[in-house]
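Student:
There are 6 protein chains.
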Amino acid sequence: MENKIQTVQTLLDALPYIQKFRDDIIVIKYGGAAQTSQELKEKFAKDVVLLQLVGMKPVIVHGGGKSITNLLNELNIPTTFIDGQRVTSKEVMRIAEMVLSGEVNKDIVSLLNFQGGKAIGISGKDANFMQAVAKDETKFGYTGIIKQINPDIVHKILNDGFIPVIAPIASGASLSHPGYNINADLAASKIAVALKARKILFLTDTPGVLDKEKNLIQTLTIEQTQKLKEDGTISGGMVPKVDACIEALKGGVKKAHIIDGRVPHSLLLEILTSSGIGTCISL
Amino acid sequence: MENKIQTVQTLLDALPYIQKFRDDIIVIKYGGAAQTSQELKEKFAKDVVLLQLVGMKPVIVHGGGKSITNLLNELNIPTTFIDGQRVTSKEVMRIAEMVLSGEVNKDIVSLLNFQGGKAIGISGKDANFMQAVAKDETKFGYTGIIKQINPDIVHKILNDGFIPVIAPIASGASLSHPGYNINADLAASKIAVALKARKILFLTDTPGVLDKEKNLIQTLTIEQTQKLKEDGTISGGMVPKVDACIEALKGGVKKAHIIDGRVPHSLLLEILTSSGIGTCISL
Amino acid sequence: MENKIQTVQTLLDALPYIQKFRDDIIVIKYGGAAQTSQELKEKFAKDVVLLQLVGMKPVIVHGGGKSITNLLNELNIPTTFIDGQRVTSKEVMRIAEMVLSGEVNKDIVSLLNFQGGKAIGISGKDANFMQAVAKDETKFGYTGIIKQINPDIVHKILNDGFIPVIAPIASGASLSHPGYNINADLAASKIAVALKARKILFLTDTPGVLDKEKNLIQTLTIEQTQKLKEDGTISGGMVPKVDACIEALKGGVKKAHIIDGRVPHSLLLEILTSSGIGTCISL
Amino acid sequence: MENKIQTVQTLLDALPYIQKFRDDIIVIKYGGAAQTSQELKEKFAKDVVLLQLVGMKPVIVHGGGKSITNLLNELNIPTTFIDGQRVTSKEVMRIAEMVLSGEVNKDIVSLLNFQGGKAIGISGKDANFMQAVAKDETKFGYTGIIKQINPDIVHKILNDGFIPVIAPIASGASLSHPGYNINADLAASKIAVALKARKILFLTDTPGVLDKEKNLIQTLTIEQTQKLKEDGTISGGMVPKVDACIEALKGGVKKAHIIDGRVPHSLLLEILTSSGIGTCISL
Amino acid sequence: MENKIQTVQTLLDALPYIQKFRDDIIVIKYGGAAQTSQELKEKFAKDVVLLQLVGMKPVIVHGGGKSITNLLNELNIPTTFIDGQRVTSKEVMRIAEMVLSGEVNKDIVSLLNFQGGKAIGISGKDANFMQAVAKDETKFGYTGIIKQINPDIVHKILNDGFIPVIAPIASGASLSHPGYNINADLAASKIAVALKARKILFLTDTPGVLDKEKNLIQTLTIEQTQKLKEDGTISGGMVPKVDACIEALKGGVKKAHIIDGRVPHSLLLEILTSSGIGTCISL
Amino acid sequence: MENKIQTVQTLLDALPYIQKFRDDIIVIKYGGAAQTSQELKEKFAKDVVLLQLVGMKPVIVHGGGKSITNLLNELNIPTTFIDGQRVTSKEVMRIAEMVLSGEVNKDIVSLLNFQGGKAIGISGKDANFMQAVAKDETKFGYTGIIKQINPDIVHKILNDGFIPVIAPIASGASLSHPGYNINADLAASKIAVALKARKILFLTDTPGVLDKEKNLIQTLTIEQTQKLKEDGTISGGMVPKVDACIEALKGGVKKAHIIDGRVPHSLLLEILTSSGIGTCISL
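Protein chains in written order, with this note's numbering: chain H, 561 to 843; chain L, 561 to 843; chain B, 561 to 843; chain Z, 561 to 843; chain F, 561 to 843; chain E, 561 to 843.
(1) Just the C-alpha distance for Z:Ile706 and Z:Tyr740, rounded to the nearest angstrom, thanks.
(2) Find the residues of chain E that neighbour F:Leu571, judging by a C-beta separation of less than 8 Å, and give them in chain order.
(3) What are the partner residues of B:Cys805, as DSSP defines its beta bridges?
(4) Flag this pair as yes or no: are the beta carbons of H:Ile777 and H:Gly768 separated by less than 8 Å?
(5) Along the chain, where does the beta strand (DSSP E) containing F:Asp820 start, and where does it finish?
(6) If you measure beta-carbon to beta-carbon, which residues of the region 642 to 665 of chain B are closer than 8 Å to chain L?
(7) For F:Phe700 and F:Gly624, I'd like the C-alpha separation in whole angstroms.
(8) Indicate the three-state DSSP secondary structure (helix, strand or coil) for H:Gln645 in the structure shown.
(9) Hey, out of B:Leu671, B:Asp712 and B:Lys814, whose CA is closest to B:Tyr847's CA?
(10) Considering only their Cβ atoms, is the gap separating F:Ala727 from F:Ser661 smaller than 8 Å?
(11) Kindly list, in the order they appear in chain B, the residues whose Cβ is closer than 7 Å to that of L:Val669.
(12) Once DSSP output is grouped into helix, strand and coil, what is the label at Z:Pro618?
(13) Does F:Glu697 pass the burial test, meaning 16 or more other C-beta atoms within 10 Å, or should it be called exposed?
(14) What are the residues of the region 700 to 726 of chain E that lie near chain H, defined by any Cβ-Cβ distance shorter than 8 Å?
(15) Per the DSSP calculation, Z:Leu588 is bridged to which residue(s)?
(16) Three-state secondary structure (DSSP) at L:Val799?
(17) Expressed to the nearest angstrom, what Euclidean distance is found between the alpha-carbon atoms of Z:Ile806 and Z:Ala754?
(18) In angstroms with no decimal places, state the Cα-to-Cα distance between F:Lys685 and Z:Ala679.
(19) Should H:Gly676 be flagged as near chain L, meaning a C-beta pair shorter than 8 Å?
(20) Less than 8 Å between the C-beta atoms of F:Lys617 and F:Asp667, yes or no?
(21) Please go through the same chain and pick out, in chain order, the residues whose beta-carbon is closer than 6 Å to the beta-carbon of L:Ser749, but skip the five residues on each side of it.
(22) Using CA coordinates, which residue listed in L:Ile628, L:Asn636 and L:Ser826 is at the minimum distance from B:Met658?
(23) According to DSSP, is F:Asn775 helix, strand or coil?
(24) Identify, in the order they occur along the chain, each residue of the same chain with its Cβ nearer than 8 Å to the Cβ of Z:Val647, setting aside the five sequence neighbours on each side.
(25) Considering only their Cβ atoms, is the gap separating F:Glu790 from Z:Leu635 smaller than 8 Å?
(26) Which residue spans inside the region 671 to 714 of chain E form an unbroken beta strand (DSSP E) run of at least 3?
(27) Give the interface partners of H:Asn673 over in chain E, defined as CB-CB distance under 8 Å, in chain order.
(28) Figure out for me which residue from Z:Gln645, Z:His817, Z:Met653 and Z:Val609 has the closest Cα to the Cα of Z:Ile637.
(29) Indicate whether at least one CB of chain Z lies closer than 8 Å to the CB of B:Thr768.
(30) Can you tell which of Z:Ile818, Z:Ile713 and Z:Leu610 has the C-alpha that lies nearest to the C-alpha of Z:Phe581?
(31) DSSP state of E:Thr793, grouped into three classes?
(32) For F:His825, which residues of its own chain have a beta-carbon under 6 Å away from its beta-carbon, when the five flanking residues on both sides are left out?
(33) Does the Cβ-Cβ distance between H:Leu832 and L:Leu571 come in under 8 Å?
(34) Using only alpha-carbon positions, find the residue among E:Val813, E:Gly836 and E:Ile620 that is nearest to E:Val725.
(35) Excluding sequence positions up to five away, which residues of its chain have a Cβ less than 6 Å from the Cβ of Z:Gly836?
(36) Below 8 Å on C-beta distance, what does Z:Leu613 contact in chain B?
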C-alpha cells in the first residue's frame, strides 16, 4: 500500500505543471541518442503522447544527420562539412530530403502512433510551411536559413488533435529548385517563435550546460549565457544549442531547455517535475 | 536520479487509464471519513481536480447525514430512523436542505476551487434537475425516491468546463411542497445512469466488499454479488451500497467501485493504477 | 370584446420596452415584503419568467436577513448589529451561509421553476464567482466587501438559457476561511457592474425616493440624489439603497430603480410600462 | 394604480401562450379588410412584430386580388372569373405579378419594418421557392397549383432573424414561362405544411365559421367541419377557407384558425388570449 | 484533339483570375441591351452563375427605365425628364416600384435560377436595406439619393449561398411615404462601397470610354478620367457612368469597369481574360 | 474578338461539369509519363489546382516504381518482380519508403504548391491512415494489401482546404515492422472507396481501353469490361487497371476513368469537357 500511495503522490506532484502548461504549444527538438536507441525512442514517444493527453500541444522537430551520412556512404557520395555545417550539393540534397522526410520522419510518426498518439509527419515543403534562402551558396550549397514560416498548417494539425512531426527541409524560390536542408536546432527555434510556443526543449547527448567544474547549471538568463560563451565555458557543440535557445527566447518563447536525451523519459522529468534535469534558460 | 526515474514511470503507468477514460463521465459518491477529515478532504479534492485535468468529467454527489443530525441536535429537533432511513418531518426537511445545499455542498465546492478546480454546487431543485415522490409518506415523511432526472443542466455544466457538485435534494410536485431528502447512494446511482456515466465510485469507510474471512474481494459480477447477499457475506450497511452499484450497472454504467475513503487518494489509486484498491463490480 | 381589445392594447404598449431591453442583462435585488408574502413571491416569479421569455436576461440577487435572525434565535446564538450591519461571528457566518445558500436561494429557485423558468442557484463560492475581504474584521467579523467578481460563470448560465439566482456569500482567501457575508444591496450593485447590466432594480418596502412632502420622486440624476442626501431628504434605510444605485451607475449601468416590492408585479410595471411605479436614477 | 395592475395582469395572462409557441413557425394568410384599412394594417404589423419579439417565427402569405383588378381596369385589360377563380391570361399574369411582388408585397414589408420588424419580401420565384403547374390551362390560363416547395430559403430567412413576406407567385417549367398566379389561401396552406408550421391563421372579413343561427363556432374538428360543409352550414367563400385549413391540418399543422381581420389586433387576440376570437379547427 | 487542348488552355488561362477574385464581392450594374435581348439575357445569367460557381460573390443591381416608361404609356400617365433624370410623381413612383420590384427584378431572378443559380430578389425596402432622401423634391419628386445602406441583409444572403438581385427602390422616412426611385448607376456604386466590393462593372450599350478618335481606352486613372471630362472627351450619357465609377473607387472599391453589354458574355471576358474588353478605371 | 468569344464559350461549356462535381471528392492515381516529363508534371499540377479552385476535392495517390528501381540500382540492391509485383525485401522496403514518402511525394507537393495550391503529403503511416497485411510474405515480402483505412485524417485535410498527396506505404502490425509497400492502383481504389469519392481517374501511358482494332472504347459497364477481359481484348498491364476500376465501382464510386497521362491536361479534358478523352467505366 505504501508503494501505491507513493504512486499517487507522484501523480499529484505533476498536477501544477499540467495545469500550468494546459493548451500550450511545446516544441521539442528531437535528436541524439534519444533518436537512435530503440529503448529511448519508445520512452520518448510515450512521453510525448502523455504530454498531449494531459492537455499540452507537443510539436516535434527532428534532425537525422547520421542517417543521411549512412546513405551517402552506401551510395559513395562524398559528404563534407565546413564549420560543422554540411555542404549540401544537389546530390546530397536529394538524399538528405529522402532520408529526413521519407525515413526518419515516418519512423518517428510510427513510434508515436504505436504509443497511442496520432502523429502526422510533414516537411517544410508541405503547404509551403517553411521557405528558405541559401546560407552561403558557393560555400554550403543547398544548406539554407529560414526566410519565412506559415504557421497556419501546424495550427490546423494541432487543432485537429494530431501531433505534428516536422522534417527540417524548406522549399526554395522556384519549382526547379531542390529545396534546402536546414539545421534542425535552428529550425526548431524558428518554428517555436512562429507558433508562439511557450517552451522549447532540445534533447542532446549531454546533461545540459556545464560550468567550468563540469557541474550542471540548472538555470541561466540570456545575459549569463552570453557571458559563459564569452569566457569559453560554453564551447564546441553547445554553442549552436544555446544560440538556438537565445533566438527562441528573443522571439517570445518563455523558456528554453537543454536536456539529456540519454536519460530515459528526460522530457517528462523536465516538464512535469519540480527540479527538472537539465538547464533551463529564460529572459 | 533513480528517484526521478521512478517518478516518471508512475506517470507513464497511469497513461493507459488516462487514455481509456478520456471524456468519460465518472460519478463519485462522496461521504464518510473522506468528508470529515480535513486532510482527507483536501486529498480528495486534489484527486478530483487531477481527474478533470487529464480529461475526465467527474461529477460529485454527496450526502451529509452527520451534519444534519448535528444541527437538529443543536435545535433540539428530534430525529428518528426506521430501517436505517431517516424519517423526514417537515422541520427535518428544512434543516436537511439547509445543511446539504447550503453548508456541505458549498464546503465541497470551496475545497475543489482551492485546489484549482472550478466547481458549481447544485441541488436537485436547480433547473428542476431531480424530481422525486415520497418513498412512504406516512412512514418516512419527506424521504423521497427519484422519479425523473433532467440531465441537461449537468451536461451543460460539464461542457462549460465546471465540476458539478450535487446535493441529494429533489423537488416535489407543487410549489408549496418542501421537496424531498434522497438517499445519497441511490441519488448517485440514478444520476450516473441518467448521465450515461462510464464509472461510478462509492467512497466508504470500509476497504470494499469482504469475503467470509474478511479479505477484500477485488472484482465481482452482479451475479456473484447477489449470491454473496443471499448467503449473508454481504450484510448490514454494505447491502444498500451494492444495491446502488447493481442499479447503476443495470442502467448502463460499465463499472461500479466500492472503495475505502479513509485511504488517502483512494480515488486516484482506484482509477489510475492497475490493481486498484477496492471492489469493482461489473456485469 | 372591448375588454379583449384592451388586453391586446396592453400587450402592444409593452412592445417598445421589450424591443429596447432585448438581450440586456437586468439585475434584480430581491428582498423585503416581496420575499415574504407567498402571494407576492409567486407574482415576482411570474414577472421574472416573463421578462426572460420576452428576451431579457434577468439575474436575481437576494438577501435573507430575517431568515438568518430566525434560525439564530432558534439556536440561541446572539446576533448584534452595528450601524445597521450585522456583526458576523464564525458561528453566525455558518448559519448565514446555510440559510442564504441552502434555504432562501433554493426557495427562490423553486419559485421560478414552478412558474416555468429554469433557474440555477449559486453563491459567490461557486466557481469562485465572488471574492471578498473583511469590511472591518475586529468590528464586523466575517462581514465582507467584494474584492473581485469573475462574471464568466454567470454569463455561461445566462447563455445556457437559465436564470441565475445569487446568494450574497463570497469566498475568503484560504480554504480554512468560512467565507464572507455580503450586504445584498452592495452585492447586487457590484454584480450589475461586473456583468455590464443595462438596468438594476431594488425591490424595497417603500414606494421609492420621497420628497419632503412624502411624495414619490419619479426620476433623479446622481447629482440630485446626492443633494437630497445632503439636505436630509434621503435618510435612514434609503441611504444605502441610493448609494448602491449610484455605485452601479458610476460603474456603467444605465438606469437604477428603487421600486415598491409590496405592489404586486411591481417589476413588470417598472420595466414594461411607460410611467413606471418607483424612482429611476440615472447619470 | 388599479389600471396599471390590470396592465400587468394582461401581460401575465399571455405568458403561457408565449411559452407554448416559442420558436414555433406561425403562418399567417393576410388579406381582406386587414390589408386595406390603413389603421388595421398598422395594427396587424404591430401584432406580427410582437409575435416575433416574444419568440415566435411568423411567416406572412398575402393575396392582392383587388389591387390586381384595379390596375387591370386602369389598363383596360379585361379580367374574368370562373367559379371564383381568376382566369389568368399572359397579360393578366404580367400585371398580377407586378402588383403582388412589386406593390402589395413591398407595402407589407414596409409596414413591418416601420413597426420595428425586419421583413424580407419574396415570391415563389425567388430561389425557386415554389414551382407550380397549370390548374387547367385552357380554362384558367396561368392560374397554377403548387407542385413543389423548397422550404430551405424561408428557413434561412427565419434563422437570420427576418420575417418572410411571401407573394403567391410560382415559377413555371421553363425560362420563357411567365410563372403562375396561385390562390393565396392554398399557397399559405402548402407553405405551412412545407415549413412544418405549428399554426396557420387566415385573416378574413367574417367572424369565423358560423352555425345555422349565425353564431360563431369556436372550435371544430376536421370531421365536424366536413359535416357542416355537407349540410350546407359552411358555404360560399368559407368553403375554400376551410378546405385550406383541412389541407394544412392533414399535412401536420397542429391548429388552423379562421379569424376576423376587421377586428383590430385579431391576431394577438387569437394567439395570446385564452378564448381567442375566431374559429379554431384541429384534428 | 487540337481543339480540345485549346479548350483546356482557355480554362487554365482563367485560373489566375479565379484565384485572385475568390470570395470577393463583385457588384454588377445590369442594364441596356444585355437586359432586353433574350439571347444576351441568358448569356448574362450564365456568366453570373459561373462567376459564383468558381468562388466569387456576384451582386446584381438593375435598372428598368424602359419598362417603366412602357407601363406609364399604357396607363397614359405622363412622364417627364429633367437633365436626364425622371421626375417621379407619386403616381409614377407607384408604377416604377411595381415594374422594378415586381417585374424586372423577378425576371432577372428567374433568368439566374434557370441557369442553375439560386437568386433572391430584393429592393431597398426589404429589411430596410436602403434609405433615401429626395434629390430635390420640388423638381424631381420621389427621385431620391441614398442616405444610408444596411449591408447586413446582403451579406446574409451571400453567406447563405444566394445571388442577391437588387431593385433600386429605397424606403422613405415614414410609413405613408411611397419610397424613392434611385438612379441605378448610383445605387450600384453606393452598394459596392457599403459591401466593400472588390470590383464594380457597368454593362452599357457602348464599348467603354472612347478617346477623341473614338478608340476604346482600356485603362484610366481617376485623374485621367477627370481630365477627359474637363476637355469634353467624356460627355453625354458617359458622364454619369464615370461619376459612378469614381464614387465607387473613392469609397474603396479596387476597380470599376465600363463594358459593352451588347457583346455576348462581356462579363466573363472582362473578369476572366487578360485583356478584358472595356475600360477599367482605378485609383 | 471572335477569339475571345471562343474563350468564354469554353468556360461556359465547363459550367455544367463544375456544377455537377462541386464538393465531390475525386481520387486521381498519378503515374506514368505524366509523372516523369517536366512539362506534363506542371500541366498536371495546374489541372489539379483548377479542379480544387472550382470547388472539387482532388486527392492524389501516386506510385514511383521507376524512382525506387533507380535508387536500388545506385545502391546495388537487387530487385526482382514476380507476376509484375515487386518482391519487397526489408532492404527494398526501406528504400521504397524513402523514395515514395521522401522524394516522389514531396516532389508532387512542391509541384502543386508552386501552381498556387496548398498540398500536404502523407503516407499511410501518418495518423495510421492505412494498415496492411502481407500479400504473400514468403513470395513478396513486404508487399502488402490494405486491411483498413481510417479516412478521418484525409477528410480533415480536405476540410482544412488542402490537397492531400498520398504515398502508397501502409503501417504494419507492430512498431518493429518496417511497414508495407502497396500497389498504387489498388491503394487509389481502396482510398476512393473509403473516402466515398465520386470519381476515380487513373493516369496511364495508353489512350484507355482499346478494342480489338485498337480503337479507344469510350464507355464501358462492369459487365462489358469483364467480358473483354475474358475474351482477351483487355490484357497485360491493362488488366490490373480495370480490376482497380471495378473494385472502386463495386465499393460505391460512381465512375472510374482510365485516361492518357501523355496528353497534356488530360485530367481537365476528361472531367470538364463533354466527350472526355479516355475510357469511362461505370456500373
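Heads up, the beta-carbon is just placed ideally off N, CA and C, and yes, glycines get one too. All of these numbers come straight from a predicted model, not from anything done at the bench.
Tutor: Reading it off the structure:
(1) 9 Å
(2) Thr570, Leu571, Ala574, Leu610, Leu828 and Leu832
(3) Paired residue(s): none; B:Cys805 is not in a bridge.
(4) yes
(5) Lys815 to Asp820
(6) Arg654, Glu657, Met658, Val659, Leu660, Ser661, Gly662, Glu663 and Asn665
(7) 18 Å
(8) strand
(9) Because chain B is modelled from 561 through 843, residue 847 of chain B falls outside the range shown and cannot be assessed.
(10) yes
(11) Lys685 and Asp686
(12) strand
(13) exposed
(14) Ile713, Lys716, Asp720 and Phe722
(15) As written in the sequence, residue 588 of chain Z is Ile, which differs from the Leu given in the question. In DSSP, Z:Ile588 forms a bridge with Z:Ile620 and Z:Leu761.
(16) helix
(17) 15 Å
(18) 9 Å
(19) yes
(20) no
(21) Ala804, Glu807 and Ala808
(22) L:Ile628
(23) coil
(24) Thr639, Thr640, Phe641, Lys699, Phe700, Gly701 and Thr703
(25) no
(26) 679 to 683, 690 to 694 and 703 to 709
(27) Lys685, Ala687, Asn688 and Ser731
(28) Z:Met653
(29) Just to set this straight, residue 768 of chain B is Gly in the shown sequence, not Thr. Not an interface residue.
(30) Z:Leu610
(31) coil
(32) Lys603 and Asp607
(33) yes
(34) E:Ile620
(35) Glu830
(36) Leu575, Ile578, Gln579, Arg582, Val614 and Gly615
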